[in-house]
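For the record, the sequence lines run as chains A and B.
All residue numbers for the first sequence refer to the numbering used here, where the first residue is 48 and numbers rise by one.
All residue numbers for the second sequence refer to the numbering used here, where the first residue is 729 and numbers rise by one.
Backbone N, C-alpha and C fix where the C-beta goes; we use that ideal spot for every residue, glycine too.
Worksheet for the structure shown next.
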Amino acid sequence: MSTNAPPIQRLISELAKLPGIGTRTAQRLAFHILRADDVDANGLADAIREVKERIGLCEECFNLADGPRCRICLDERRDTAILCVVEEPGDVIPIERTHEFPGRYHVLGGALSPIDGIDPDDLKITELYERVAHSEVKEVVLATNPTTTGEATALHIADGLRERSPAVTVTRLASGLPVGADLEYADEVTLSRALAGRRPA
Amino acid sequence: MPATLKTDAIVLRSIRYGEADRVLHLYTPAHGRLSAIAKGSRRAHSRFGGRLEPFFRLTTILHEGRSELRTVTSAATLAGHPRLREHAGSLDAAARACDAVGRLFETEDPHPGVYHLLANELALLDDDPAGATLSNQLAFRLKLLLAAGLAPALDACASCGEQADLVAFSPAAGGIVCGACEAASFALDPAAYSFMVGALGASLAAAPAAPMRALRQVERAITELAEHHAQVRLRAAGSVLSAPG
Ligand SMILES: [Zn+2]
Ligand SMILES: [Zn+2]
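Encoded structure:
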């Protein structure tokens, strides 16, 4: 059993709940926090409290927002005719960093995985259909992860949109080889898709 | 145990782990279900590429270190099943097939037949993604039950041995039962009975068809057999994604 005083033990077990943090790392972090000065330690506690109090989901796109709507949805300059569908709020960031995408987002909150019990009702899919049906969206870009669950999600949504909003163009991120990768290591599925999606050189 | 294991394997599941790793559930011909960690495999430049995704059939080299988890040190593709990945129905059927294998055969006991059955099912779905029907999935599950020693008794009443008047199915008795032994059973249409006999007697590709009502009875028989005799809860065979209407 632990020889730590209960408050320390509590901090360690809370930290150990974080993804990628084992008990030993949690212990190291806890002792670091103990040694830190009050301002830093309280700053961390306040930041956690503030983020939980102030950040919610955007009522339009379900991205993270510090008000009813997120900054992207509030930005009048964004193109409302094109919508990019991603699994998690964290997926918006890398797409924004490319500065290539002019439209708005729709965050599903995960990917379909029937074996984990994640069905369409668990994601913001109905909300997506409604949003597309009642807006000026002309194109939906499916940017789910190129994993098995991400692809299953994209295929499901593509079928659903074709049925409900046939006038809307549904596209999928091109899939191919990562820049700097070695052909030798590419798997056959990736390579055959990269071949299928080749373009004039 | 050898420090290195070279084995063919089908990826049943791939679970994100830590920053860039995955934990894989693998089904192998001679070592049953194994778990292994693939370090760095979620990085875009990983030498594994995308081949550690579910439904890949691979030749792998697994290193057995001090920890309980083996480490994947190499993986070469035997079959990537690209076509089944293009359709929601076949993807879903493949996921359910892998899930059923993982649930019914979760140990390292060897069941080479199960490996070949799953390889065969994935190849079928890849050849013809439209073949991801409920009857295909139920035929697959019946064969899994057979491999697990849980195949339903279909020759005679599983309670009393009577050969006529076989009208119901009893999960507790482990098969069909006669009108006199109906307790703890549910009614079974003749079409459901012929489906089970037909599916167990034919190759997967030649699984018979049956009306939806009969297929639902077969599904109930399979699910309750697994629950009653292996304490395994199978997920629905029918897909919420590809279900008609
Ligand atoms: Zn928003
Ligand atoms: Zn009887």
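In whole angstroms, what is the alpha-carbon distance linking residue i and residue j?
| i | j | result |
| --- | --- | --- |
| B/Ser970 | A/Thr173 | For B/Ser970, the predicted model reports a pLDDT of 42, less than 50, meaning its position is unreliable; a value from the coordinates is still stated below. Computed Cα separation, rounded: 17 Å. |
| A/Thr191 | A/Pro141 | 13 Å |
| A/Gly227 | A/Glu147 | 20 Å |
| A/Asp126 | A/Gly157 | 24 Å |
| A/Cys108 | A/Val184 | 13 Å |
| B/Leu806 | A/Thr237 | 15 Å |
| A/Ile59 | A/Arg178 | 43 Å |
| B/Pro939 | B/Ala879 | 22 Å |
| A/Gln56 | A/Glu97 | 24 Å |
| A/Leu104 | A/Leu130 | 17 Å |
| A/Asp168 | B/Thr732 | 44 Å |
| B/Gln945 | B/Arg963 | 15 Å |
| B/Val960 | B/Glu890 | 29 Å |
| B/Pro782 | B/Arg941 | 31 Å |
| B/Asp827 | B/His957 | 18 Å |
| A/Ala233 | A/Ser212 | 36 Å |
| A/Asn51 | A/Ala83 | 18 Å |
| B/Glu796 | B/Asp837 | 17 Å |
| A/Ala94 | A/Asp87 | 10 Å |
| A/Pro115 | A/Leu159 | 26 Å |
| A/Arg144 | A/Asp138 | 11 Å |
| B/Gly973 | B/Arg794 | Residue placement at B/Gly973 is poorly supported in this model, since its pLDDT is 30, which falls under 50; the coordinates still yield a value, given next. Spanning the two alpha carbons is a distance of roughly 52 Å. |
| A/Ala128 | A/Leu155 | 19 Å |
| A/Val188 | B/Ala764 | 34 Å |
| B/Cys888 | B/Val905 | 8 Å |
| A/Arg71 | A/Arg101 | 31 Å |
| B/Glu955 | B/Leu832 | 10 Å |
| A/Gly66 | A/Arg75 | In the sequence on display, residue 66 of chain A carries Pro and not Gly. Those two C-alpha atoms are separated by around 15 Å. |
| A/Glu231 | B/Ala772 | 14 Å |
| B/Thr982 | B/Lys734 | Lying before the first or after the last residue shown, residue 982 of chain B is absent from chain B, which here runs from 729 to 973. |
| A/Thr216 | A/Glu186 | 5 Å |
| B/Val968 | A/Leu170 | Here B/Val968 scores only 45 on pLDDT, less than 50, and its place in the model should not be relied on; the value that follows carries that caveat. Approximately 14 Å, taken between the alpha carbons. |
| B/Leu852 | B/His809 | 10 Å |
| B/Arg824 | B/His753 | 14 Å |
| B/Ser986 | B/Lys767 | The shown model of chain B, from 729 to 973, leaves out residue 986 of chain B, and the question about it has no answer. |
| B/Gly907 | B/Asp917 | 13 Å |
| B/Glu834 | A/Gly90 | 46 Å |
| B/Leu932 | B/Leu812 | 17 Å |
| B/Gly929 | A/Ile204 | 38 Å |
| A/Val133 | B/Leu894 | 53 Å |
| A/Glu210 | A/His153 | 19 Å |
Sort out for me which residues DSSP pairs residue i with in a bridge.
| i | result |
| --- | --- |
| A/Glu186 | A/Ile129 and A/Thr216 |
| A/Ala63 | Paired residues: none, contrary to the question. |
| A/Thr173 | Its beta-bridge partners do not exist; DSSP assigns none. |
| B/Val946 | Bridge partners of B/Val946: none, in fact. |
| B/Cys906 | B/Leu894 |
| B/Asp749 | B/Tyr745 |
| A/His153 | A/Val132 |
| B/Val800 | B/Leu790 |
| B/Ile738 | B/Tyr755 and B/Arg785 |
| B/Ala766 | B/Arg750 |
| B/Phe914 | B/Phe897 |
| B/Ala881 | B/Gly903 |
Within the same chain, show all residues whose beta-carbon is closer than 6 Å to that of residue i, passing over the 5 residues directly before and after it, in chain order.
| i | result |
| --- | --- |
| B/Ser769 | Arg750, Phe776 and Leu780 |
| B/Leu862 | Leu943 and Gly966 |
| B/Leu804 | Reading the sequence as shown, one finds Ala at residue 804 of chain B and not Leu. Closer than 6 Å at Cβ, skipping near neighbours: Thr787. |
| B/Ala920 | Ala942, Gln945 and Val946 |
| B/Ala884 | Gln891 |
Using C-beta distances below 8 Å, list every residue in its chain close to residue i, excluding the 5 sequence neighbours before and after it, in chain order.
| i | result |
| --- | --- |
| A/Gly244 | Ala221, Ser222 and Gly223 |
| A/Thr218 | Glu186, Val187, Val188 and Leu189 |
Using a Cβ-Cβ cut-off of 7 Å (strictly less than) and excluding sequence neighbours within five positions of residue i, which residues of its own chain qualify?
| i | result |
| --- | --- |
| B/Arg948 | Phe914 |
| B/Ala935 | Ser863, Asn864, Ala867 and Ala927 |
| A/Cys120 | Cys105, Glu107, Cys108 and Arg151 |
| A/Ile68 | Leu62 |
Given that residue i touches chain C, what residues does it touch there, using C-beta distances under 7 Å?
| i | result |
| --- | --- |
| A/Ile165 | Of the protein chains in this structure, namely A and B, none is chain C. |
### Query
Is the number of C-beta pairs between the stretch 810-827 of chain B and the stretch 852-863 of chain B that are closer than 8 Å three or more?
yes
### Task
Please name the residues in the stretch 197-209 of chain A whose beta-carbon is closer than 7 Å to at least one beta-carbon of chain B, in chain order.
Result list: Glu198, Ala199, Leu202, His203 and Asp206.
### Query
Is it true that the stretch 197-204 of chain A meets the stretch 741-759 of chain B, where meeting means three or more beta-carbon pairs spaced less than 8 Å apart?
No: fewer than three Cβ pairs fall under 8 Å.
### Members of the stretch 801-822 of chain B near chain A, C-beta cut-off 7 Å
Thr805, Gly808, Pro810, Arg813, His815, Ala816, Leu819 and Asp820
#### Entry: the stretch 897-905 of chain B in contact with the stretch 840-852 of chain B per 3-pair CB rule at 8 Å
no
### Message
Output needed in chain order: residues of the stretch 891-910 of chain B with a Cβ under 7 Å from some Cβ in chain A.
### Response
Those residues of the stretch 891-910 of chain B that come within reach of chain A (Cβ to Cβ, closer than 7 Å) do not exist; the list is empty.
### contact_flag[the stretch 835-844 of chain B, the stretch 869-876 of chain B] where n(CB pairs < 8 Å) is 3 or more
yes
### chain A contacts made by the stretch 751-779 of chain B, where a contact means CB separation under 7 Å
Taking 7 Å as the cut-off between beta carbons, the residues of the stretch 751-779 of chain B near chain A are Ala772, His773, Arg775, Gly777, Gly778 and Arg779, in sequence order.
### Query
Using a beta-carbon distance cut-off of less than 7 Å, what residues from the stretch 65-93 of chain A approach chain B?
Gly67
### Contact set between the stretch 139-158 of chain A and chain B, restricted to residues whose Cβ is under 9 Å from the partner
none
### Query
Of all the residues that make up the stretch 839-869 of chain B, which are near chain A by a beta-carbon distance shorter than 7 Å?
none
### Task
Can you give me, in chain order, the residues of the stretch 211-236 of chain A that have a beta carbon less than 7 Å from any beta carbon in chain B?
Pro225, Gly227, Ala228, Tyr232, Ala233, Asp234, Glu235 and Val236
### Near-chain B residues of the stretch 168-184 of chain A (beta-carbon distance less than 7 Å), N- to C-terminal order
For chain B, none of the residues of the stretch 168-184 of chain A brings a beta carbon within less than 7 Å of one of its beta carbons.
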